[in-house]
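In the working numbering, the protein residues as written are -10 to 180.
Ideal placement from N, C-alpha and C gives every residue a C-beta, glycine not left out.
What you are looking at is a predicted structure, and each value in this text was computed from that prediction instead of being measured.
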Amino acid sequence: MTAVLTMREHWVEQARKVPSPNFGERPAGAGVSLLVIHNISLPPGEFGGPYIDAFFCNRLEPSDHPYFEEIAGMQVSSHFLIRRDGELVQYVACDKRAWHAGRSCWRDQEECNDFSVGIELEGTDHEAYTDAQYAVLVDLVTLLRAEYPEIAEDALTGHADIAPGRKTDPGEAFDWARLQHGLANAGEDLA
Ligand SMILES: [Zn+2]
């Protein structure tokens, strides 16, 4: 069986590539060992539109929406975004350090950006994610686990879990059991 997604030099070949300037080198010796799930929508609660790409590339126009005035100066990024229709977008190469987690801690290891890949789902904490998003997320996690063997099977977490009290995403709407079920089935298909 051929893989649905493939990777070349730390970029997913099937993703739409929108290179962000917001990244750095990982610390010496730090590989990818954690996957972090987030959500984002711009403006909040609205889907579609060009604003997430613009935000991650420091091109958000503050005058386009009152909320953008608050965030336009922030320099942030994520490796991936999965849009409502399942479109996969990549902003930062996976061997680089994207700026998605902020102050964070995973099992006594601080600064999760150093050793994680960030995956944004277009959405909110309270609205069900789409079938297409779960399908692409399963394919992407399966690919990343294959490419970066340092990612342990349980090293899959939410932003809220590594930044409690500060972040809430991906929120109650995210169905972790559905993701785990999808991943288990994907493994069976490959066996
Ligand atoms: Zn987040």
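Exposed unless 16 or more other CB atoms sit within 10 angstroms - verdict on residue i
i	result
A180	Caution applies to A180, whose pLDDT of 48 falls short of 50 and renders its modelled position unreliable; the value that the coordinates give is listed next. A180 comes out exposed.
S93	buried
T(-5)	exposed
R96	exposed
R48	exposed
D143	exposed
D128	buried
A149	buried
M(-10)	Because the pLDDT at M(-10) is just 46, under 50, the model does not fix this residue reliably, and the point stays unresolved.
N28	buried
Cβ-heavy atom distance, residue i to ligand 2, below 7 Å
i	result
D150	Absence of ligand 2 from the depicted structure is noted, with ligand 1 being the only ligands included.
Per-residue DSSP class, three states only, for residue i
i	result
V106	strand
G147	strand
V130	helix
E2	coil
R155	coil
E111	strand
Test item: CB-CB of residue i and residue j under 8 Å
i	j	result
S9	Y80	yes
F69	E111	no
Y56	P39	no
V21	I151	no
E132	L24	The residue you asked about is not Glu; residue 132 is Leu in the sequence shown. Result no, Cβ atoms of L132 and L24 do not sit closer than 8 Å.
H89	G107	yes
A124	N102	no
T157	D120	no
CB-CB length for residue i against residue j, believed under 8 Å
i	j	result
R5	V65	Between V65 and R5 the Cβ distance is about 19 Å, and since that is not below 8 Å, they are no contact.
Cβ of residue i within 8 Å of any chain C Cβ
i	result
Y56	Reference to chain C is not applicable here, since this structure consists of a single protein chain.
message: Going residue by residue through the stretch 11 to 99, where are the continuous beta strand (DSSP E) segments of at least 3 residues, counting only ones entirely within it?
response: If we require 3 residues or more, the beta strand (DSSP E) runs fully inside the stretch 11 to 99 come out as 12 to 14, 23 to 29, 69 to 71, 77 to 79 and 85 to 87.
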